[in-house]
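Residue numbers (the working numbering): 9 to 104. Ideal Cβ positions, reconstructed from N, Cα and C, are used throughout, including at glycine. So the structure is just underneath, and the comments pick up after that.
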Ligand SMILES: Nc1ncnc2c1ncn2[C@@H]1O[C@H](COP(=O)(O)OP(=O)(O)O)[C@@H](O)[C@H]1O
Ligand SMILES: [Mg+2]
């Protein structure tokens with residue numbers, strides 16, 4: 009039977025996406041089929057934690073009816089830890 013786990017807070021930047029991403033990965037590694045939906049319409053970023061900087065479709069495509077079904081915006085990702093080879097954002101060079 010499907011189970012829904014909601015992770016929320018009254019303010020941003022407190023770690024919702026990080027907790028949700030890690031929980032999703034742990035459950036997937038246990039063999040569960042997991043759908044992680046970042047419903048922060050102003051600043052969803054869970055996709056970045058899975059190494060996907062520009063997802064081809066987002067929840068906005070469903071809300072604005074560019075796709076018919078919610079499933080159409082799902083992106084498959086690996087449950088393996090992301091092997092970062094470089095910073096996601098350019099880091100300022102250290103001087104001196
Ligand atoms: N347990 C933690 N320890 C240190 N930094 C964290 C932790 N959880 C989240 N962060 C950092 O805090 C920032 C906000 O986390 P995020 O999960 O995006 O917050 P939210 O989804 O609530 O807006 C990110 O830069 C993230 O890397
Ligand atoms: Mg978030």
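**Message:** Following a CB-centred definition, is residue 13 positioned closer than 7 Å to any heavy atom of ligand 1?
**Reply:** As a position in the chain shown, residue 13 is number 5, starting the count at 1. Answer for residue 13: no, Cβ out of range of ligand 1.
**Message:** If the criterion is Cβ atoms closer than 8 Å, does the pair residue 60 and residue 42 meet it?
**Reply:** Locating residue 60 in the chain shown gives position 52, counting from the first residue. Locating residue 42 in the chain shown gives position 34, counting from the first residue. No.
**Asked** Taking 7 Å as the line, does the beta carbon of residue 23 fall inside it for any heavy atom of ligand 1?
**Response** Here residue 23 refers to the residue found at position 15 of the chain shown. Result yes, Cβ under 7 Å from ligand 1.
**Request:** Verify the contact flag: residue 69, CB atom, against every heavy atom of ligand 1, threshold strictly below 7 Å.
**Result:** The sequence position of residue 69 within the chain shown is 61, counting from 1. Checking every heavy atom of ligand 1 against the Cβ of residue 69, none is found closer than 7 Å.
**Prompt:** How many Å lie between residue 4 and residue 29 at the Cα?
**Reply:** The question about residue 4 has no answer here: the residues shown for the chain are numbered 9 through 104.
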